[in-house]
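Please read the structure below before turning to the comments.
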Amino acid sequence: MAELNFKEIEEKWQRRWEENKVFDAEIEKEEGKKFFLTVPYPYTSGPLHIGHGRTYTLGDMIARFKRLQGYNVLFPMAFHVTGTPILAIADSIARGEEEVVERYRDYVSIYEDEEKVEKIINSFGNAENVADFFADRISEDFKRMGYSIDWRRKFNTTEPMYNKFIEWQFKKLYDKGVIKKGKYPITYSIEDDSAVGEDDIEEGDINKVSIIEHTTIKFKLANDSETYLIAATLRPETIFGVTNLWINPAARYVKVRVGKENWIVSREAAEKLGYQKEELQITNYKLQTEEAGGGFFIGKKVKEPVEGREIPVLPASFVDADVGTGVVYSVPAHAPYDYIALEDLRREKGLEIAPIKIIDIEGYDLPAKEICERMGIESQEDERLDEATQIIYKDEFYRGVLNEKCGDFAGIEIAAIKDEVKDWLKGKKVADVFYETSRKAVTRGGGKVIVAVLQNQWFIDYTPSWWKDMGHKLVEGMAFYPEKYKAYMQDIIDWLALRPCVRKRGLGTRFPYEKDWIIESLSDSTIYMALYTIVHLLRQLPVDALDEKFFDYVFLGIGDAGELTKETNIDADTLNRIKGEFEYWYPNDLRHTAPPHLSNHLVFFLMHHAAIFPERGWPRAITLNELMIREGRKMSKSKGNVIPLAKVSELYGVDLYRLYCAINADFGSVVNWREQDVDALRRRFNALVELFEQSIDTGAEELREDELTHPDRWLLSKFYRKLRDSIERFDAFKMREAGINMVFNLMNDIRYYEHRESEERRKRIVRNLMDDWLIILSPIVPHICEEIWHRNREEKGEGRRERKLEFVSLQTLPEIKEEFIDDRVEREEEYLVSLIGDTKEILKIARIKPGKIYIYTAEEWKWEIFRAIRDLPDKDKIKEAMKLRKDKSTVDFVKRVMKSKLAYFELNESEILEREKEYLMREFGCEIGINAEYDPKGKKKFAIPLKPAIYVEE
RNA sequence: GCGGGGGUAGCCGAGCAUGGACAAAGGCGCAGGACUUAAGAUCCUGUUCCGUAGGGAUACGAGGGUUCAAAUCCCUCCCCCCGCACCA
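211 is the number of the first residue of the first sequence in our numbering; add one for each residue after it.
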């Protein structure tokens, strides 16, 4: 058999699909079913890998299946460029950061010859070039994967036309009153004077930097009415147990003016505060020389804010001037650091300060003391103090209760009261908020990362109840697969609150109400599916014409075509054609994506649709597939275990990859890409292809109905039953089951059939099934199906039909030939299989070489009883049987029937056996006796219906 | 902590919603056989234990319960994974 060149076949059909515009979606004038399917547009910061490919591949399979179901399918694609990552990459490359440059060299090398790489990399200093390069390559990748996309609708999110569309979206939201302004903390680089995200931070991808809210508490200097030492804490509820303050004598402190107060904080903290408090003035008044250090304050007294007790300021080396305010208040009963530091002072200076216990917790008396003793911690330099702190914090938070020292808060669990204490302190004007990064971090450029508070951040406010109600209603009316995500989505809608929707930096659309802000990248990707329906038509229009009124008219039917024509110079026909396209394709019938999108992209997608579009424009369904891992491990750049999508064709073949995606796991499970399994599947897949080819190459003729044997009918029954099941499952997105059915299970049936009949006959009967089989397989492995489909047609000498209809991709689902689905035929075969199995079992156990095998079917009276008791509960069976036939053998028989657990089915056993006698002889290589009188070992009596007695003679 | 998902034979992985034909699909691996000069591929057989007649025992994280019957339902416990945002 000739070796197939899969790569050639892939390219050939991709070319023909494109030439014939097979997947260009046009609206149909006559009434028909349409199906609008979207998957997320890829972010173009680099090449996609086989993990990303899963989602797109499954999306494509759904699109192809829907076409087979007779839907007019629109499956478009665009590219996402908005946001900071691409910009960060371009900046890094422009700076010549070797690590990034090296990575992008690798990326570009996937697609380009070596000599071109440097030139392309050089162009990457410009973000636009990065975006364009990868958008182009990903488009090629997608074509190479055989995706049935209408490429005329491709766009990217920085195009002016898209900007106009996004502006319109924000105007609609603004009109609904959900675009609001407020304060918001962000990670920020002083050096770069701009906000920084994960991509801008050194190791930000592997060691995330989050924003932590500290509470600052003011401690008034005992002899100074307007000057405060400001301590920062993560546990404001412990204020009741404060015994002293800690200052690092080696650090430097400054006095800053906040409103009418002087605050004393570390020099580092003062700088950070400057970015967080609007009213802050840094007097930068040095309180001590560098030589004197923080020792200036040591021994001074301050007043704690709750009861006004005077407490001392003491030195501690564990205090870090660059964390919090550089001032820490001490709660030695509950904080291991504080306890140990006081112990150090007691040993060195003889200073005695008694801990104040404020939290009762089972299993501890003085928690800090005990955990240190248990862990053997003796010095404030001990690194395990962090761990000890964590343990105590966790225990106290979940199990601890504030005691009588805590006033009104006594008797309440920490977990429940923590925020109330904080608010109470804030209300007393002794506490404030201070944000700190979760770890010390620098930007990729080396600038220090701090937290800044934007004073005029714009938000989308998802809290209005009208909006949440609509969101819930929308979700209620939708289908989700896997279904569990529906309830989950409802929870997400409840949890959704404020979301900052613009940022200072990044690519994207300018915020229409304040042009120096850029709309953030998830907020601009919420209703873009609507744009797909008309984008190819918008290209013919001047961008300026795409104003609010234009989109109002097209998307919402607001306004009047005539007036709009006057304003925009777009003729009414064009306007209405565009509007008609949108109205034809919308809503989005299915959005297929991955679960990580649920709590961000998808919820915005749903909420924005709910807010902007009338109900008839609301999305209909969401399907989600889990991720893909490789050899049991997550795929990631840093692990170096990614396989680029661009390599799939070369390494595995596209159809094999697609088949693997479909069959390896259900949507809800992770796909594990294992070479071993891929190899196994490749063998299966090749065998399937060979099966088809053999039938074509030998010119095997279809079996005529009048020559069908029992095994023929059996196979046809199996085939059409599986076909029917598979269509149902495919329709329910159970692609794995459908695929396993139509590949693995059917192959097994065919193998069995061949064993039963012959290779020659198998070639012929495959011919009977081939067309129907190829159609149902074509969404999964389209290229090879096209190839075989066409070869089959040519071999049969069928004339060319209308050009488009030639393609298997454009067929409609085969009709199920119900007349071939035959329970009886299948039961008869099962009967035979189990008989042969039993006989083999006996031969094995008894270690006999058969001379002759005697088969005894159940006598008629047994069948009668079998029929009579089939629906009775077990306990009544014997009684009922005895009514019919009073004999001890009846009891034995019924017991055997019950034990066998055989389901009732009417078969004429002896007729089957007579018919298959020859086959049985062939199987066992000996004589077969059917219902002979000869029964030397008295086996006959063991026969029960559907399970004949067997006697083997050597 | 909250929310979600899991724990099935040497491994991967179905089944569990609607309990029964489940010693538990399928694949991998392993062993034996056929084919082959040979290897590979392919095909057949086996792969918990016991058994010279189609049988029996034990088993689906652990323990209990419901039931004539539990991998499947209920309870308790143990263990593992993922998300908790403003980031695409």
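For each residue, glycine too, the CB sits at the ideal point set by N, CA and C. This structure is a prediction, so every number in the text was calculated from the model and none was measured.
- Message: Just to confirm my understanding: we take K222, look at its own chain, exclude 5 residues before and 5 after, and list those with CB closer than 6 Å. What are they?
- Response: Here residue 222 corresponds to residue number 12 of the first sequence, with the count starting at 1. No residues qualify anywhere along the chain.
- Counting pairs of beta carbons, one from the region 247-258 and one from the region 283-302, are three or more of them closer than 8 Å? Yes: at least three Cβ pairs fall under 8 Å.
- Sequence ranges, alpha helix (DSSP H) only - wholly within the region 763-794, length at least 4: Here the runs fully enclosed are 771-778.
- Beta carbon of P989, beta carbon of R274: below 8 Å? Locating residue 989 in the first sequence gives position 779, counting from the first residue. Locating residue 274 in the first sequence gives position 64, counting from the first residue. Yes.
- Query: Is T367 helix, strand or coil when you go by DSSP?
  - Reply: Residue numbering aside, residue 367 sits at position 157 when the first sequence is read from its first letter. It is coil, neither helix nor strand.
- Item | Run of the alpha helix (DSSP H) containing A564, from where it starts to where it stops | Position 354 of the first sequence, counted from the start, is the residue given in the question as residue 564. Unbroken run through A564: none, as it is neither H nor E.
- Message: Taking contact to mean 3 or more Cβ pairs, one atom from each stretch, closer than 8 Å, check whether the region 1085-1099 and the region 889-904 are in contact.
- Response: no
- Task: Taking W924 as part of the beta strand (DSSP E), name the residues at either end of that continuous run.
- Result: Working through the first sequence from its first residue, we reach residue 924 at position 714. Counting along the chain, W924 falls outside any beta strand (DSSP E), though it belongs to the alpha helix (DSSP H) covering 920-941.
- Query: From A502 to I508, what does the alpha carbon distance come to, in whole angstroms?
  - Reply: Taking the first residue of the first sequence as position 1, residue 502 is located at position 292. Taking the first residue of the first sequence as position 1, residue 508 is located at position 298. Confidence in A502 is poor, its pLDDT being 41 and thus under 50, which makes the residue's placement unreliable; the coordinate value appears in the next sentence. Near 11 Å, if we compare the C-alpha coordinates of I508 and A502.
- Task: Put T499 into one of helix, strand or coil per three-state DSSP.
- Result: As a working note, residue 499 is residue 289 in the first sequence. Only weak support is given to the placement of T499: the predicted model assigns it a pLDDT of 42, under 50, and the value that follows is read from those uncertain coordinates. Three-state result, T499: coil.
- Item | contact_flag[the region 389-405, the region 674-688] where n(CB pairs < 8 Å) is 3 or more | no
- Outcome for L1082 when other beta-carbon atoms lying within 10 angstroms are tallied against a minimum of 16: Here the question's residue 1082 lines up with position 872 in the first sequence. Flag for L1082 reads exposed.
- Starting from the C-beta of V782, find all residues in its chain whose C-beta is less than 6 Å away, skip the five residues before and the five after it, and write them out in chain order. As a first step, residue 782 must be located in the first sequence, where it is residue number 572. Val is not the amino acid found at residue 782; the sequence shown has Ala there. Closer than 6 Å at the Cβ level, and outside the excluded window around A782, lie A771, T775.
- Contact under 8 Å by Cβ, E1005 with G878: For the purposes of this step, residue 1005 is taken as residue 795 along the first sequence, with counting starting at 1. For the purposes of this step, residue 878 is taken as residue 668 along the first sequence, with counting starting at 1. Going by C-beta atoms, E1005 is not nearer than 8 Å to G878.
- Taking only runs of the alpha helix (DSSP H) that begin and end inside the region 1077-1102, which ones reach a length of at least 4 residues, in chain order? 1084-1094
- Item | Run of the beta strand (DSSP E) containing E1004, from where it starts to where it stops | Locating residue 1004 in the first sequence gives position 794, counting from the first residue. No beta strand (DSSP E) contains E1004, which is instead part of the alpha helix (DSSP H) from 992-1006.
- Query: Expressed to the nearest angstrom, what Euclidean distance is found between the alpha-carbon atoms of S735 and E1028?
  - Reply: Along the first sequence, read from residue 1 onward, the residue named residue 735 stands at position 525. Along the first sequence, read from residue 1 onward, the residue named residue 1028 stands at position 818. Looking at the two C-alpha atoms, the distance is approximately 46 Å.
- Message: Comparing C-alpha positions only, which one of V661, K559, R654, M945 sits nearest to T647?
- Response: In the first sequence, the residue the question calls residue 647 occupies position 437. The candidate whose alpha carbon is nearest that of T647 is V661.
- Task: Determine the closest residue to K382 out of L766, V1043, F528, T599, with distance taken between C-alpha atoms.
- Result: Residue mapping note: residue 382 aligns to position 172 of the first sequence, counting from 1. Nearest C-alpha to K382: L766.
- M688 bridges to which residues according to DSSP? Translated into the one-based positions of the first sequence, residue 688 becomes position 478. For M688, which the question treats as bridged, DSSP gives no partner whatsoever.
- Out of curiosity, what's the CA-to-CA distance linking A1113 and I1063? Here residue 1113 is taken as the residue at index 903 of the first sequence, counted from 1. Here residue 1063 is taken as the residue at index 853 of the first sequence, counted from 1. Going by the C-alpha atoms only, they are around 26 Å apart.
- Message: I need the straight-line Cα distance from E1165 to D570, nearest angstrom please.
- Response: Residue 1165 lies beyond the stretch modelled for the chain, which goes from 211 to 1164, so this question has no answer here.
- Message: Quick check on the DSSP output: the beta strand (DSSP E) that includes G1139 runs from which residue to which?
- Response: Residue mapping note: residue 1139 aligns to position 929 of the first sequence, counting from 1. Its beta strand (DSSP E) spans residues 1137-1140.
- Simplified DSSP assignment, three categories, for I331: Counted from its first residue, the first sequence places residue 331 at position 121. Under the three-state reduction of DSSP, I331 is assigned to helix.
- Are at least three pairs of beta-carbons, each pair with one atom in the region 589-608 and one in the region 531-548, less than 8 Å apart? yes
- Query: Using the C-alpha atoms, what's the distance from R477 back to K857?
  - Reply: Sequence index remark: in the first sequence, residue 857 carries index 647 (1-based). Sequence index remark: in the first sequence, residue 477 carries index 267 (1-based). Approximately 54 Å, taken between the alpha carbons.
- Message: Using the three-state DSSP reduction, which class does N978 fall into: helix, strand or coil?
- Response: Within the first sequence, numbered from 1, the residue matching residue 978 stands at position 768. Note: N978 maps to helix in three-state DSSP.
- Query: What are the uninterrupted segments assigned as alpha helix (DSSP H) that are 4 or more residues long and contained completely in the region 519-576, given in chain order?
  - Reply: Taking only runs of at least 4 residues, the alpha helix (DSSP H) segments lying wholly in the region 519-576 are 546-559.
- Item | Best match in N786, N874, S1044, E1143 for proximity to L1130 [C-alpha to C-alpha] | By 1-based counting over the first sequence, the position of residue 1130 is 920. Measuring from the Cα of L1130, the nearest candidate turns out to be S1044.
- Task: Rank T784, L552, G827, H818 by C-alpha distance to the C-alpha of D799 and give the top, closest one.
- Result: Walking along the first sequence from the start, residue 799 turns up at place 589. Nearest option by C-alpha distance: G827.
- Straight-line gap, H819 to P829 (C-alpha atoms, nearest Å): Numbered from its first residue, the first sequence carries residue 819 at position 609. Numbered from its first residue, the first sequence carries residue 829 at position 619. Going from the Cα of H819 to the Cα of P829 covers about 8 Å.
- Query: Near T499, which residues of its chain fall below 6 Å by C-beta distance, leaving aside the five closest residues on each side in sequence?
  - Reply: One-based indexing of the first sequence puts residue 499 at position 289. Only weak support exists for where T499 lies, its pLDDT of 42 falling under 50; the coordinates are left without a value.
- Task: Give the DSSP-derived three-state secondary structure of V643 in the structure shown.
- Result: What you label residue 643 is simply residue 433 of the first sequence in a count that begins at 1. Here V643 sits in strand by DSSP.
- Taking E903 as the reference, which of E997, D360, P992, P722 has the closest Cα? Taking the first sequence and counting its residues from 1, one reaches residue 903 at position 693. It is E997.
- Item | Candidates A804, I1160, L635: closest to A1056 by CA position | The sequence position of residue 1056 within the first sequence is 846, counting from 1. Out of A804, I1160, L635, I1160 has the C-alpha closest to the C-alpha of A1056.
- Query: Where K628 and V852 are concerned, what is the direct C-alpha to C-alpha distance, given to the nearest angstrom?
  - Reply: Position 418 of the first sequence, counting from 1, holds the residue named residue 628. Position 642 of the first sequence, counting from 1, holds the residue named residue 852. The alpha-carbon atoms of K628 and V852 are separated by roughly 45 Å.
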